[in-house]
Amino acid sequence: MLSGLRRIARGALFATARDWTDRLASSSPALVLAPHPDDETIGCGATILRKIAAGASVTVVVVTDGRHSHRSSYCSPEDLAALRRVEMADAAKRLGGPEVLWLDLPDGQAGTDVDALAERVGALVRERGVEDLFSTCAWEAHPDHAAVGRAARLVADRTGARLFEYPVWLWGSWPLAKGGRWSSFSQFARVALTGGAVTVRTAEVRDRKLHALAAHRTQLGHRPDGVPADEPWVSLPPAVLDDAGRGVELFLRYRGQADR
Ligand SMILES: [Zn+2]
């Protein structure tokens, strides 16, 4: 029942979102915040490709090292983090070569000090003259994604950068979120009624986006060397992969303190 209502809400957002491909695929300097290596490609790989093609400088800031995406007796968290670093470098090449910076927080701890995270990101935004900031959404249930989203909102408030939030894990629990049904529904209504959702067409860069996503091999079910076939090694869920392959990337525009 709830998941059906969420699906309807999601469909309504996609149906009413305005096409901002031309506005967002511009040459204005951009910074993409990824809580884990792979989020940048899932949520805005096409936008990164388009911006770089338009001559924009794009920086991808990977907040955590992603060491806990899998638990294995054969691949330590340190080894997994090292593998994901290589995968991220590969994905970045396939995305047209954005600069990649690592904040190296341990996976799962993006929210330990949101204010300090916002300070670090804010300094980068000022230093690089970033105008467009992309981040996972503060309304996501995943703690790292929500924390990075909260930090991004602080950065937008403090620097004046335009913030576009890309959903990755949002749709499984929003709107009508457990423990906050009314507030999450009113967030949804505000976004839907005030033109808060915009899209970038994936179209001709879709294949390159999916090629970049394929670089994140450990997240797509490929076991690292030495992990036997009988040890479970999960892939990103079909719903997330389906969204990554859609014809558009959806962004929720953050419009200041009222959206908190
Ligand atoms: Zn993530």
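Residue numbers for the sequence shown follow this note's numbering, so the first one is 765 and each next one is one higher.
Beta carbons are placed, not taken as given, at the ideal position from N, Cα and C, and that holds for glycine.
By the Cβ-count criterion, E863 is exposed, with fewer than 16 other Cβ atoms from all chains shown falling within 10 Å of its own Cβ. In chain order, the residues with a C-beta atom nearer than 5 Å to some heavy atom of ligand 1 are P799, H800 and D803.
Boundaries of the beta strand (DSSP E) around R965: A961 to R965.
For D868, the uninterrupted beta strand (DSSP E) segment begins and ends at E863 to L869.
Note that the segment 926 to 945 touches the segment 1001 to 1009; at least 3 beta-carbon pairs, one per stretch, sit closer than 8 Å.
For the segment 943 to 1020, the full-length beta strand (DSSP E) segments reaching 3 residues or more read 961 to 965 and 1012 to 1018 along the chain.
Separation of D971 and A979 (C-alpha to C-alpha, rounded to the nearest whole angstrom) is 13 Å.
For A779, the secondary structure class from DSSP, reduced to helix, strand or coil, is helix. The C-alpha of G872 lies about 13 Å from the C-alpha of A798. The segment 771 to 787 makes no contact with the segment 882 to 892: fewer than 3 CB pairs, one atom from each, lie closer than 8 Å.
For A916, the enclosing alpha helix (DSSP H) starts and ends at P907 to T923.
In the DSSP assignment, L788 falls within the unbroken alpha helix (DSSP H) covering T785 to L788. By the neighbour-count criterion, in which a residue is buried when 16 or more other Cβ atoms sit within 10 angstroms of its Cβ, L766 is exposed.
S899 carries a strand assignment under DSSP once its states are collapsed to helix, strand and coil. In this structure, I812 sits near V822, with a CB-CB distance shorter than 9 Å. In this model, S899 and L795 are separated by some 9 Å (Cα to Cα).
By the Cβ criterion, the segment 849 to 860 is not in contact with the segment 768 to 779, since fewer than three pairs of Cβ atoms, one from each stretch, lie closer than 8 Å.
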